[in-house]
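Chemist: Before anything else, here's the structure in question.
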Amino acid sequence: GESVGLHLPTLSVQEGDNSIINCAYSNSASDYFIWYKQESGKGPQFIIDIRSNMDKRQGQRVTVLLNKTVKHLSLQIAATQPGDSAVYFCAENLTRRGKLQFGAGTQVVVTP
Amino acid sequence: NAGVTQTPKFQVLKTGQSMTLQCAQDMNHEYMSWYRQDPGMGLRLIHYSVGAGITDQGEVPNGYNVSRSTTEDFPLRLLSAAPSQTSVYFCASSPRRLATGTHEMNTEAFFGQGTRLTVV
């Protein structure tokens, strides 16, 4: 998993398995969280978001879980595919108006 | 729909040179931001703007200036480049959305493809 501001961990996943990427956030007042995917040489791409009045949100093959009690966020990717190989960042919105604080990221490597 | 467009994609500067990184968005977003990304680290906020004519500092503003004369454009200026400014720079924009009444909602940011800057 990752924590805001620390080193970049790597998650190696076999194709077809489920991936779980973890993130610990720092500010208990944050009320909006986003997961981004960044492929090599590209900008971050929005995956899914969740507001603090929810504890789970599902998208296409992705699920985000939010545990406010322990300030923990996770991204689950179902049936991981080679195209899922990328760095995944969680971000928290501290004060609205587009200002985001990012975690250091997790490198996901999908193996055949 | 182009989204967020950054130019140039690559740039090499000598220490002390100045340059402007361009950012334009065609989504009519009120909020725009500049981030830098260094190896093994997440993105760090440099400057941001909540609308034309309004800018403010982020986490790492030193050595950078910004202006926002139009909704579409948010250039980032390096007045005297230093090797410590070698990084990948991302511009982002976000829409302003209101929930019921006037309560402002948080919204996601849309990113450009980045400018890779090397200062030698």
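Protein sequences appear in the order of chains A and B.
Position 11, counted from 1, in the first sequence is what this note's numbering calls 11; the numbers after and before it change by one each time, with no gaps.
Position 56, counted from 1, in the second sequence is what this note's numbering calls 168; the numbers after and before it change by one each time, with no gaps.
Here a beta-carbon is modelled for each residue, glycine too, at the ideal position from N, C-alpha and C.
Given the structure is predicted, the values throughout are model-derived calculations rather than measurements.
Mapping the DSSP letters down to three states, classify D84 of chain A as helix, strand or coil.
Modeler: The answer is helix: DSSP assigns D84 of chain A an H, G or I state.
Chemist: Find out if the Cβ-Cβ distance for the pair A221 of chain B, L8 of chain A is shorter than 8 Å.
Modeler: Contact flag unset, no.
Chemist: With a cut-off of 8 Å, do at least 3 Cβ pairs link the region 120-127 of chain B to the region 59-79 of chain A?
Modeler: These segments do not touch.
Chemist: Quick one: list the residues of chain A neighbouring G224 of chain B, beta-carbon separation under 8 Å, in chain order.
Modeler: The contacting residues are G43.
Chemist: Residues in the same chain with beta-carbon distance under 6 Å from Q134 of chain B, minus the five sequence neighbours each way, listed in chain order, please.
Modeler: These residues qualify, in order along the chain: T119 and P187.
Chemist: In whole angstroms, what is the alpha-carbon distance linking A164 of chain B and P207 of chain B?
Modeler: C-alpha separation (whole angstroms): 13 Å.
Chemist: Using a Cβ-Cβ cutoff of less than 7 Å, which residues in the same chain neighbour I50 of chain A once the five nearest sequence positions on both sides are dropped?
Modeler: Excluding sequence neighbours, I50 of chain A sits near F33, R57, V64 and L66.
Chemist: Which residues in chain B have a C-beta closer than 7 Å to the C-beta of G103 of chain A? List them in chain order.
Modeler: Correct list: G154.
Chemist: Going by DSSP, what residues sit across from L11 of chain A in a beta bridge?
Modeler: L11 of chain A is bridged to A:V108.
Chemist: If I'm right that F102 of chain A touches A86 of chain A with Cβ under 8 Å, what's the distance once you round it to whole angstroms?
Modeler: Their Cβ separation, rounded to whole angstroms, is 15 Å, which puts F102 of chain A and A86 of chain A out of contact at 8 Å.
Chemist: Going by DSSP, name the residue or residues bridged to G226 of chain B.
Modeler: BP columns for G226 of chain B are empty, so no partner.
Chemist: Could you compute how far the alpha carbon of S19 of chain A sits from the alpha carbon of N53 of chain A?
Modeler: C-alpha separation (whole angstroms): 25 Å.
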